[in-house]
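Residue numbers (UniProt numbering): 1 to 397.
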C-alpha cells in the first residue's frame with residue numbers, strides 16, 4: 001500500500017486542492033515548482049547548512065533512563081525541543097522561505113496556534129529580511145503571550161483573529177483571506193501538513209529530517225534503525241508526519257498518533273478528530289473533520305493551543321483509514337500530569353502538545369524489550385503560565 005502522496009495530491013481518498021479561483025495561479029505555481037526547487041543542488045546545500053549551523057541539527061536522540069524504568073520499556077526522546085526557537089516548526093519554515101526566495105516572493109504570511117510556528121516564521125523572515133505577518137486567534141494570543149512578544153521582537157506583525165472560536169482554525173481562515181487579496185507577491189507558509197496540495201507533501205518532506213535522523217541515531221545506539229514504536233502528538237500533524245515519514249513502509253514499526261481528547265472525547269470539548277470526525281473539506285483539502293450533520297465545523301478544544309484544531313492532515317486521515325497508524329486520545333488532565341512526570345523524572349519540561357505523546361505510553365501494552373521513540377516536538381517555556389495557573393486543578397488527585 002502507498003502511504004505517500006499521488007500525482008494529484010491525494011493520500012488514498014484524502015487530500016487534493018479545493019481552493020478559490022483567485023488562489024489557483026499561486027497553488028499551481030507552487031505545485032509545478034516545489035519538487036524541482038527542493039532537488040536543486042544549491043537549495044539542498046543552503047538548506048542543510050542552515051539546518052546544521054542555525055537550527056542546531058541533528059537534534060539528540062536521548063535515552064530517557066528514568067522514564068524507561070517508570071514505563072518498563074526502552075524509551076528514547078527525539079529532542080526537537082532543542083531546535084532553535086524551541087520546536088520542530090523551524091525545519092519547515094526554513095525550507096519554505098528558501099523556496100519563497102526562489103519563487104521571487106517578498107512578503108510572508110502565516111497562521112499559528114501555540115505560537116511556535118509563528119515564532120519560527122518570524123525568525124526565518126528576520127534571517128532573510130522578508131516582511132512577515134502572522135495571524136493568531138485572539139484566545140491563543142492571550143494564553144501564549146510570550147510567543148506573541150517573541151514574534152513582535154523579531155519584527156513580525158501579529159494580527160488577531162477575532163471570529164469563531166478565536167483559535168487556530170480562525171487564524172488559518174484569516175491567513176487564506178490575506179493570500180486571496182495579495183496573490184502576486186505573497187507566499188503563505190502553512191505550518192502543518194494541512195491545506196491544499198502541495199502543502200501537506202511539502203511540509204512532510206521538510207519535517208522528514210526527523211525520522212531520517214532517528215534511523216541513523218538509533219542504528220548507532222542499538223544496532224537497528226527500526227524501533228518497535230514511534231509516537232507523536234497530532235493536531236494538524238506536522239511533527240508526526242516528520243517522525244513517521246521514513247517508517248511509513250516499515251510494517252513492523254508501530255506508528256502511534258496521539259490526539260487531544262480535551263475534557264473527554266464525548267464531553268463536547270475535544271479535538272479527537274479520528275474519534276469524532278468524518279470526511280469533509282477544510283482549508284483546501286479533503287480530510288477527517290469534526291463537523292455537525294449539516295457540515296458545520298465543530299469548535300475544537302484542547303489545553304494545548306497547537307492541538308486545538310478540528311481536523312488532521314490528509315496523510316493522517318489516510319493512515320487512520322488504512323490502519324497503518326494507531327490513534328489514541330489523551331485528556332487535558334492526562335497531558336498535564338505527564339508533563340509534570342517527565343519534568344521530575346528527566347529534568348525536561350515539555351510543551352503541552354508533546355506531553356500528550358508522553359501520556360500515551362501508559363495506554364500501550366509495552367514490553368521490557370520494546371524500543372520506543374517519542375518525538376518531543378517542543379519545549380514547555382511557552383506553557384509556563386498554564387502550568388502555574390492550572391496545577392491545582394489538574395494535580396489535586
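All C-beta atoms in this analysis are idealised placements derived from N, C-alpha and C, irrespective of residue type, glycine included.
The Cβ-Cβ distance between residue 378 and residue 81 falls below 7 Å.
In this structure, residue 157 sits away from residue 375, with a CB-CB distance that is not shorter than 7 Å. The beta carbon of residue 325 lies closer than 6 Å to those of 255, 257 and 319 in the same chain, with the five residues before and after it left out. With a cutoff of 7 Å on beta-carbon distance, residue 284 and residue 271 are scored as not near each other. For the pair residue 310 and residue 330, the CB atoms are not nearer than the 7 Å cut-off. Ranked by Cα distance from residue 194, the first of 219, 183, 218 and 168 is 168.
Cβ-Cβ separation between residue 312 and residue 288: approximately 6 Å, consistent with a contact (criterion under 8 Å). The beta carbon of residue 34 lies closer than 6 Å to those of 198 and 202 in the same chain, with the five residues before and after it left out. Here the alpha carbons of residue 292 and residue 277 stand approximately 9 Å from one another.
Non-local beta-carbon contacts of residue 162 in its own chain, meaning distances under 6 Å to residues more than five positions away in sequence, involve 138 in chain order. Closest in C-alpha terms to residue 248, from the list 75, 273, 235 and 212, comes 212. Judged by beta-carbon spacing, residue 232 lies within the 7 Å limit of residue 240, meaning their Cβ atoms are closer than that value. Under the DSSP assignment, residue 201 falls in the alpha helix (DSSP H) whose first and last residues are 199-207. The continuous stretches of beta strand (DSSP E) do not include residue 55, and DSSP gives it neither H nor E. Taking the Cα positions, residue 339 is about 11 Å away from residue 394. In the DSSP assignment, residue 371 falls within the unbroken beta strand (DSSP E) covering 371-376. If you draw a straight line from the Cα of residue 88 to the Cα of residue 207, it comes to about 8 Å. Counting C-beta pairs closer than 8 Å gives fewer than three between the stretch 148-156 and the stretch 51-69, which falls short of the contact rule. Minimum Cα-Cα distance from residue 295 among the listed residues 223, 301 and 281 corresponds to 281. Burial of residue 346 is indicated by the presence of at least 16 other C-beta atoms within 10 angstroms of its C-beta.
Taking the C-beta atoms as reference points, residue 200 is found no nearer than 7 Å to residue 109. In terms of CA proximity to residue 99, 41 leads the group 41, 115 and 69.
Boundaries for residue 1: no beta strand (DSSP E) harbours it, and the DSSP string shows neither H nor E there. Cβ-Cβ distances below 7 Å link residue 327 to 257, 259, 274 and 320 in the same chain, with the five nearest sequence neighbours on each side left out; the list follows chain order. With contacts defined as CB atoms closer than 7 Å, residue 299 and residue 192 fail to qualify as a contacting pair. Within 10 angstroms of the beta-carbon of residue 341 lie 16 or more other beta-carbons, which makes it buried. According to the DSSP assignment, residue 111 belongs to the beta strand (DSSP E) that extends over 107-112.
DSSP places residue 233 in no alpha helix (DSSP H) but in the uninterrupted beta strand (DSSP E) bounded by 229-233. In the DSSP assignment, residue 291 is bridged to 297. Runs of the alpha helix (DSSP H) lying entirely within the stretch 121-153 and spanning at least 4 residues, in chain order: 138-143 and 145-153.
Going by beta carbons, residue 185 and residue 66 fall outside the 7 Å limit. The beta carbons of residue 119 and residue 229 sit no closer together than 7 Å.
Distance check between residue 76 and each of 128, 21, 56 and 215 places 215 closest, using alpha-carbon atoms only. In the three-state reduction of the DSSP assignment, residue 11 falls in the strand class.
Distance from the Cα of residue 145 is smallest, within the candidate group 389, 382, 242 and 396, for 382.
When secondary structure is reduced to three states using DSSP, residue 186 falls in the strand class.
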